[in-house]
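Per UniProt numbering, residue 1 is the first one in the sequence shown, and the count goes up by one each step.
Notes follow once the structure below has been shown.
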Amino acid sequence: MINTDPNSSDFNSYASIEELEAFAQARGITLPDNKESLLIKAMDYLNGINWVGKKAKLEQPLSFPRKDIVLDGYLLPSGVIPVQVVKAQCMLAIEAIAGDLLSSVRDAPIQSESIAGALSVTYAIDKSGFIPRYPAVISTLRGLVIGEGFSINCIAERG
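If you want it as structure tokens, here you go:
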């Protein structure tokens, strides 16, 4: 059973089935009958994301609502679940139609490496081992997540 009430102890979804249906209908996507399990799979994925801010209450079952989030220069009220998070859950639920979002082995194994004047790396052909990426989801969550994308931290000093 999907429960979208953040004040409930069994709160388990940001998006309701109705929101998922509206999201899919607007995009011409036909949903299967297992809508609840799709939302739960999407929620499992979202629970693994490193979010900015802190949980609004320590005992809350999900990551949102959160406090201390500044989004596009505005302080997000601590009791609010951003529409971007609901949309991301719907996007992931649709991705979950094709299969599991979080399988056990997701790294593409390297079959061989060599350095002889130039670097050569060969990856396994088995596509079941690749790490799934959801750039549209991460783009939707811009400003709400930590550590997505590529960055290098360094210190430059003049000698």
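Glycine included, every Cβ here is placed at the ideal spot set by N, Cα and C.
The DSSP-derived three-state label of Y45 is helix. For the pair F11 and P61, the CB atoms are nearer than the 8 Å cut-off. With at least 16 other beta carbons inside 10 angstroms of its own, Y45 counts as buried. Membership of E18 in the alpha helix (DSSP H) is indicated by the continuous run I17 to A26. The Cβ-Cβ distance between A42 and A93 falls below 8 Å. Between A88 and T140, the gap from beta carbon to beta carbon is short of 8 Å. The residue from A56, S9 and L20 with its alpha-carbon nearest to that of V83 is L20. By the neighbour-count criterion, in which 16 or more other beta carbons inside 10 Å mark a residue as buried, R133 falls on the exposed side. Classified as exposed, P32 has fewer than 16 neighbouring CB atoms from the shown chains inside 10 Å of its CB. Considering only A22, L38, A24 and P6, the residue with the shortest C-alpha distance to A98 is L38. In this structure, DSSP gives L75 an extended state, which the three-state scheme calls strand.
Apart from the 5 residues on each side of it in sequence, D72 sits with its Cβ closer than 7 Å to the Cβ of G143 in its chain, given in chain order.
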